[in-house]
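Working notes for the structure below.
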Amino acid sequence: MTRQLTSNHWGLGLVRTQGGRITDIAPHPADPSPSALNDNMAASLGGRARVLRPAVRKGWLEGRRGTRGEDPFVELDWSEMLDLIAGDLTRVRKDHGNEAIFAGSYGWGSAGRFHHAQSQLKRFLNSVGGFVGSDGNYSYNAALVTMPHILGGGFRQHLAEATRWPVIARHTDLIVAFGGLALRNMQICDGGNAIHRIPQALKDCAARGVRCVNLSPFRGDMADDMNAEWLAPRPGSDVAVMLALAHTLLVEGLHDRAFLDRYTTGFDRVEAYLTGADDGQPKSAEWAGAISGLDPDRLRRLARQMAGGRTLITCAAGLQRADWGEQPLFAVVTLAAMLGQIGLPGGGYTVGYAVNGHVGAITRPVPWGALPQGTNPIAEQIPVAMIAEMLLNPGGAYRAEGRDRIFPDTRLLWWAGGNPFHHHQDLNRLRRAFQYPETVIVNEINWTATARHADIVLPVAAATEREDFGAGKTDNVLVPMPRLVPPPGQARTEYEIYTDLADRLGTRDAFTEGLDTEGWLRRLWAQTQSAAERRGLHLPEWEEFRTGDIVVLPDPAPDQVFLADYRADPVADKRATPSGKIELFSQVVADCAAPDCPGHAVWRETRDRQAGLAERYPLALLSGQPATRLHSQFDNGDLSRSQKVAGREPVLIHPEDARDRGIADGDVVELFNDRGRCLAGARLTPDIARGCVFLWTGAWYDPDFDAPHARDRHGNPNVLTHDLRTSTFSQSPAAHSAQVDAARWTGPVPPITVFDPPIFAPRVDGT
Ligand SMILES: Nc1nc2c(c(=O)[nH]1)N[C@H]1C(S)=C(S)[C@@H](COP(=O)(O)OP(=O)(O)OC[C@H]3O[C@@H](n4cnc5c(=O)[nH]c(N)nc54)[C@H](O)[C@@H]3O)O[C@H]1N2
Ligand SMILES: Nc1nc2c(c(=O)[nH]1)N[C@H]1C(S)=C(S)[C@@H](COP(=O)(O)OP(=O)(O)OC[C@H]3O[C@@H](n4cnc5c(=O)[nH]c(N)nc54)[C@H](O)[C@@H]3O)O[C@H]1N2
Ligand SMILES: [Mo]
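Numbered according to our numbering, the sequence shown spans residues 375 to 1141.
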C-alpha cells in the first residue's frame, strides 16, 4: 500500500493506513534528520483516550452543579449538543455581552493552514460579536514585550533575522550558550518543520573548530557533537554571571567604548550598577561566583576569551521563562554590546536559537494564505499567562506594561487547540480558577486534563483526518495534507461544527462566505500562489499540488547576519527605539514604574529563594520541553510512553542528591512543595547539576482528588510551579523558577487514569 504525506509541527510523515487507521509513519527522504515524534501518533489517535462523542458534564447539565474536573460526563448527539451551545452563547451574549466570552484559547493545535483550531474558533466568535482574547505566548513573552524597548522592532522579527548557522560555522571562534542549544527543541516549528537542518549545522560548527561553553544546569542542553565545556550555574543566577563577565570586561578595559558610543545608549547607567557606584556592590566575578556556584577565576578567563576572538552569545528562551525573565534579555544585549561584535558575521548575540528549528536555519520566503479571522469588536486582551488571575478576579485591577487595567468578567470560556492544564503554572490554582465561569467549552482530540475540566467537550478531527495543506510559519516548504483516514466515532472538523452553530445563530454566511472546506482550500492556495508569483516563484495548480509531493522554495537569505545593516549604517538603519539606538537602559521601561523591572539589567534572587523556601525545598525545578513529544501532545503515544519510568514522567536527579534521599534509579518518587505534589520516575544522571531536578513538561495531569494537594499521579511539573509571572512589567510566564524537594515513594503506586476515558454517566432522565 502506498504511503501518503502529512505534516506536523515536528516534520513530515509518510503515512501508511489500513482499515481506516494509521499503522505506521516513515520519514520523508528530503529530511536529513527526521524527528522521531511521529511515532506517537498512531497509538494516540486510535487510543483509549480519544474523544469520540460530544459530552457534557453531568453536574452542568443538571443545573450547573458539581465540580469541574471531578464530575462524570454524559454523551449527547451532535444536534442536541449544538442546540445547547447555541442557547448558552445567546444567553451569555444577551445577559452579559460578548466581553463575557473568553476565547484567547492559547495553544499549538496542529499543523495545517485552514483547519487551524484557534483561527477557526476566533473567526466563528467574531461572526457573532467577538470575544476577549489573550496577547503573547508562553514561549518568549518577556522577550515579545521587552525586546522592542531594548533593540526596537518586534522580537519575532529578531528571530527571523538571526545569524545563519553556516555563517557561524565559518566565522565564530567561541559560542557562549546560556541555557545551551538543546537539539531536542530544534525539532519543532510552529506549523511545520519539513527539513531539519540544525543537527548537521552543529556538526559543521564542531568540524570547523568552533569552541563552545554550555552554561546550563543540564549537560544535555548541548549536542554531544559540539564537545562543549560544561559550566552549570545555579538556576536563576545567569544574569549575575552575565553581569560579572561584563564587569571583568569593564575593569580590564576589554569593552568596546567606540561601539557602545556609536550604537547604544544608557551604558553610563549600566556602568554605575556594574561598579557598584549606585548600590555599593561591584558585580565582580567573586560576587557572581557566590551566587552561581561557578569559579570566579573561570568567569574572568571566560570574559577574556570572549573579548579575544569572534564570540557569539546565545540565550535560551527558557531563561526568560523564569522569575525576572526580562533581565537576561537586558543583560545579554549589554554583554554583547560591550564586546562590540553585534552585526559582525558570527558575533553578537541571539536570544532563542532553540525555540524552534528555523531560527538561524531558514525564513519564510512567501506569506502563506491564511483563514481570515474577521474583526473582533471587543478590543480587550489579557496578557496570556494571566488566565487564572483573570478568572479568579472578575472585574479586578491589574498592571501590565505600566498601565492599570481591569479584568473582564468571564462567564463563558472556550478553548480549542491548547491545553492550559499542561501549559499554565500552579495547576491547583488553575483548577480553582476554572470553577468560576458559568460554562467551559473545550474542543479536543483526546481527553486531556483540560477537556476533563470542561462542561462541554466537542470531539474534533485530527490533522490526518481532514484535508489541508501545511506550511510552517517560518518554513520554506509547502506540504499537501490529504485526508488519510476518517475521523473516529462522531468526531468532526471544527469548520463543520462552527458552520452548523453559525446556522443556528443566523450567521452562516458571515462565517462561511458561502464556501465549504474545498472552497476555502482553493482560496487559500490561490492566495499563496499569487503571493509567490509576486516574488517570481511559480507554484503548481491546486489539483496538481494536492496529489503531489512537497514543494521546496528557495532560502531568501542564506548568509544573513543579525543586525549587519544597523552596524553598517546606524543612521539610515536606525533602530525603532526612542533614541534610534540599542537601549541598554530604557527610560520607557523605567517609567512604567514597575519596581520589579527597572530599565537596565539587574540581578535579583528568585522569589522562592527570597521567601526562604530553598531551606525547606532545596532542589531547583527545571521543567523544559520534552524530547519525546511536543508539549502534551500524544503523551499516550508509543515514543512518549516508552520513556516513562514505572509509568511516570522521568525526573532527572543527580546521583548524590538521590543518595541523600535514598532514591535509586527507576524508583517512583514524590516531588513536592507548598503549592502541590506529584509522582515521577527517578532517572539518576550526573548530567544534571547537583541541587537541581529536571522534570519534562507535558505529562497529562492526573490529579488524585482524595490525596493531599490533589497529588498528580503522573508527573506534571506545573503542579509545583508558581503563577507569579516574570514581573508586573511584562506579566510573562515564569515556569522555570520553583523550589521543590523529592522523596522516595513508599506507598502503593497508583495506576495512571488519564490515559483512559473519563467516567460516563447515564442521563438524569435515563436516556
Ligand atoms: N512548567 C513549564 N510549563 C510550560 C513550559 C515550560 O517550559 N515549563 N513551556 C511553555 C511553552 S513554551 C508552551 S508553547 C506551552 C505549550 O502549551 P500548549 O500549546 O497548550 O500545549 P500542547 O500540548 O501543544 O496543546 C495543544 C492541544 O491542542 C490539541 N489539538 C491538536 N490539534 C488540534 C485541533 O486541530 N483542534 C483542537 N481543538 N485541538 C487540537 C492537542 O490534543 C493538545 O491537547 O507550554 C508552556 N508550559
Ligand atoms: N521536542 C520538543 N521540542 C520543542 C518543544 C517540545 O515540546 N518538544 N517545544 C517548543 C517550544 S513551544 C518552545 S517555546 C521551545 C522552547 O525552547 P527553550 O526555551 O530553549 O527550551 P526550554 O526547554 O524551556 O529551556 C532550555 C533549557 O534551559 C535550561 N534552563 C532552565 N532554567 C535555566 C536557568 O536558570 N539557567 C540556565 N543557564 N539554564 C536554564 C533548561 O535546562 C532547559 O533545558 O522548544 C520548542 N521545541
Ligand atoms: Mo513555546
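Just so it is clear, CB atoms sit at the ideal spot from N, CA and C, and this is done for glycine as well.
- Message: Below 7 angstroms, is the gap between the Cβ of P446 and the nearest heavy atom of ligand 2?
- Response: In this structure, ligand 2 has no non-hydrogen atom nearer than 7 angstroms to the beta-carbon of P446.
- Task: Indicate the three-state DSSP secondary structure (helix, strand or coil) for V612 in the structure shown.
- Result: The sequence as given places Asp at residue 612; Val does not occur at that position. Three-state result, D612: helix.
- Message: For a test of the three-state rule: what should DSSP assign to T1141, helix, strand or coil?
- Response: Note that T1141 scores 48 on pLDDT, short of 50, meaning its location in the model is unreliable and no value can be drawn from it.
- Is it true that the CB of T951 sits closer than 8 angstroms to the CB of G528? no
- Query: In terms of residue numbering, what span does the beta strand (DSSP E) encompassing I396 cover?
  - Reply: I396 -> beta strand (DSSP E) spans 395-400.
- To which residues does DSSP link F476 through a beta bridge? BP columns for F476 point to V506, L787.
- Message: So the candidates are A835, L619, L858; which of them puts its Cα closest to the Cα of H1180?
- Response: What the structure shows of the chain is the stretch from 375 to 1141, and residue 1180 is not part of that stretch, so it cannot be assessed.
- Message: Using only CA atoms, which one of T688, L450, Y647 lies nearest to A536?
- Response: For A536, the nearest C-alpha among the options comes from T688.
- Going along the chain, which residues of its own chain have a beta-carbon closer than 6 angstroms to the beta-carbon of A1154, five neighbours each way excluded? Residue 1154 falls outside the range modelled here, since the chain spans only 375 to 1141, and no answer is possible.
- Nearest to C1052 by CA position, among N1010, A1108, P1091, L533, is which residue? P1091
- Message: Using the three-state DSSP reduction, which class does T886 fall into: helix, strand or coil?
- Response: helix
- Item | Assigned exposure category for A602 - 16 Cβ within 10 Å defines buried | buried
- Does the Cβ of P860 lie closer than 7 angstroms to at least one heavy atom of ligand 1? no
- Task: Compare the beta carbon distance of F959 and V644 with 8 angstroms and say whether it is the shorter of the two.
- Result: yes
- Query: Below 8 angstroms between beta carbons: does that hold for N793 and S1006?
  - Reply: yes
- Cross-strand partners of A1116 (DSSP beta bridge): L1045
- For E989, which option in P930, L1058, A964, Q1113 has the closest C-alpha, if you only look at C-alpha atoms? Check the Cα spacing between E989 and each of P930, L1058, A964, Q1113: the tightest is with Q1113.
- Task: Pick out whichever of F488, V1093, A416, G481 has its Cα sitting closest to the Cα of Q799.
- Result: V1093
- Short Cβ contact (8 angstroms threshold) for D599 with A575: Result no, Cβ atoms of D599 and A575 do not sit closer than 8 angstroms.
- Item | Straight-line Cα distance separating A690 from G726 | 5 angstroms
- Below 8 angstroms, can you find three or more Cβ-Cβ pairs linking the region 864-873 to the region 485-505? yes
- Query: Measuring from the CB of E839, is there a heavy atom of ligand 1 at a distance below 7 angstroms?
  - Reply: E839: no, Cβ never under 7 angstroms from ligand 1.
- Item | Neighbourhood of D547 by C-beta, 6 angstroms cutoff - its chain only, sequence neighbours within 5 removed | G683, R684
- Let me know if G394 comes out buried or exposed under the rule of 16 or more other beta-carbons within 10 Å of its beta-carbon. With a 10 Å radius around the Cβ and a threshold of 16 neighbouring Cβ atoms, G394 comes out exposed.
- Rank A744, A710, N567 by C-alpha distance to the C-alpha of G731 and give the top, closest one. N567
- Item | Cβ-Cβ separation, D462 to L787 (assumed contact under 8 angstroms), whole Å | The pair is not a contact, with the Cβ atoms about 12 angstroms apart (cut-off 8 angstroms).
- Nearest CA to the CA of T1120: which residue from Q1105, V1128, L1045, R1064? When each option's Cα is compared against that of T1120, the closest is L1045.
- Message: DSSP has Y772 in a bridge; who is on the other side?
- Response: BP columns for Y772 point to R779.
- Would you identify the three-state DSSP class for L555, choosing helix, strand or coil? coil
- Task: Given a cut-off of 8 angstroms, decide if R593 and D1061 are closer than it, judged by their beta-carbon atoms.
- Result: yes
- Item | Between the CA atoms of L1013 and A410 - distance to the nearest angstrom | 8 angstroms
- Task: Check whether the Cβ of N511 sits closer than 7 angstroms to any heavy atom of ligand 3, and report yes or no.
- Result: yes
- Message: Whole angstroms are fine: how far does the CA of T1095 sit from the CA of Q984?
- Response: 15 angstroms
- Query: In terms of residue numbering, what span does the alpha helix (DSSP H) encompassing D635 cover?
  - Reply: 631-637
- Hey, is R695 close to ligand 1, as in C-beta under 7 angstroms from one of its heavy atoms? True, at least one ligand heavy atom lies under 7 angstroms from that Cβ.
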